[in-house]
Ligand SMILES: C[S@@+](CC[C@H](N)C(=O)[O-])C[C@H]1O[C@@H](n2cnc3c(N)ncnc32)[C@H](O)[C@@H]1O
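Residue numbers (the numbering used here): 358 to 595.
Okay, structure coming up:
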């Protein structure tokens, strides 16, 4: 069943009959929220806002304090989007950027800081967005890409136009050893790619967890922590 806040925006978009199909369908919308929740995302980037439905679903899955930065070339549907975000009490978690997605991504810090990115804009730009996003995605973060089946046309070697662009994108992703993932047949096909962690990433994550642990326990230096650990391992004295 479509929750009322989602039904509201779906109904309004249906008025734009010729472009309404650009909006993600409900099952995919639910999956966007779920994936965002599963990785406890706080920094989410979306390419292709349109009327803000997928933005809303990503924002609904954010961990506390998280934000979605969503970008679109056009501001034509911005008012619809903002109304829906406000109705869902999520507007304060969403930042909008108007302009070409490649420029928006280049303006972002080029270090791994994004937890999840959703690509759903011009198909010929997908490979460029992927290449700009990957260095900015944190290890263990996700890149999702919509319409990767392109109604089945992307599977044909003679694919042309947008279908050919998606076909090239799918090959590009498949050849990228930095990620693991799959293409799932939800809606028009969605890629779910997880950025792998290397040994250095795991070491750094372990260090960060230990640091958090020390801070929480009020034991702020390595020496203090080590002496606590040694003490815990010693047999109790009589
Ligand atoms: C399929 S719609 C996005 C649908 C939206 N994610 C949803 O599910 O409700 C694609 C959007 O990408 C935008 N777009 C197209 N080319 C773009 C570009 N070069 N940079 C940013 N946005 C672009 C279009 O204006 C359009 O609103």
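A virtual CB, placed ideally from N, CA and C, is assigned to each residue, including glycine. Just so it is clear, the structure is predicted and the values come from calculations on it, not from any experiment.
At least one heavy atom of ligand 1 falls within 7 Å of the beta-carbon of residue 428.
Here the C-alpha atom of residue 450 lies approximately 14 Å from the C-alpha atom of residue 393.
Residue 432 has its CB no nearer than 7 Å to any heavy atom of ligand 1. Counted as a single uninterrupted DSSP element, the beta strand (DSSP E) harbouring residue 453 occupies residues 451-455. No heavy atom of ligand 1 is found nearer than 7 Å to the CB of residue 526. When rounded, the separation of the alpha-carbon atoms in residue 505 and residue 582 is 49 Å. By the Cβ test, the stretch 416-426 is in contact with the stretch 393-403, since at least three Cβ pairs between them sit closer than 8 Å. Here residue 378 is exposed: its Cβ has fewer than 16 other Cβ atoms, across all protein chains shown, within 10 Å. Shortest Cα-Cα distance from residue 497 to any of 410, 536, 457 involves 536. In this structure, 530 is the residue among 509, 445, 530 with its C-alpha nearest to the C-alpha of residue 486. Judged by DSSP in its simplified three-state form, residue 463 adopts helix. Across the structure, residue 558 and residue 578 are spaced so that their CA atoms are roughly 22 Å apart.
At least one heavy atom of ligand 1 lies less than 7 Å from the C-beta of residue 478. Residue environment: residue 500 is assigned as buried (16 or more neighbouring CB atoms within 10 Å of its CB, all protein chains considered). At a Cβ-Cβ threshold of 8 Å, residue 495 and residue 472 count as neighbours.
Under the three-state reduction of DSSP output, residue 400 falls in the strand class. In the three-state scheme derived from DSSP, where H, G and I count as helix and E and B as strand, residue 508 is classed as helix. By the C-beta criterion, the stretch 423-442 is judged not to be in contact with the stretch 517-534, since fewer than 3 inter-stretch pairs fall below 8 Å. Residue 388 and residue 543 do touch by the CB rule: their CB atoms are close to 6 Å apart, below 8 Å. Nearest neighbour of residue 415 by Cα position, chosen from 385, 560, 437, turns out to be 385.
DSSP places residue 484 in the helix class (H, G or I) of the three-state scheme.
Distance from the C-beta of residue 406 to the nearest heavy atom of ligand 1 is below 7 Å.
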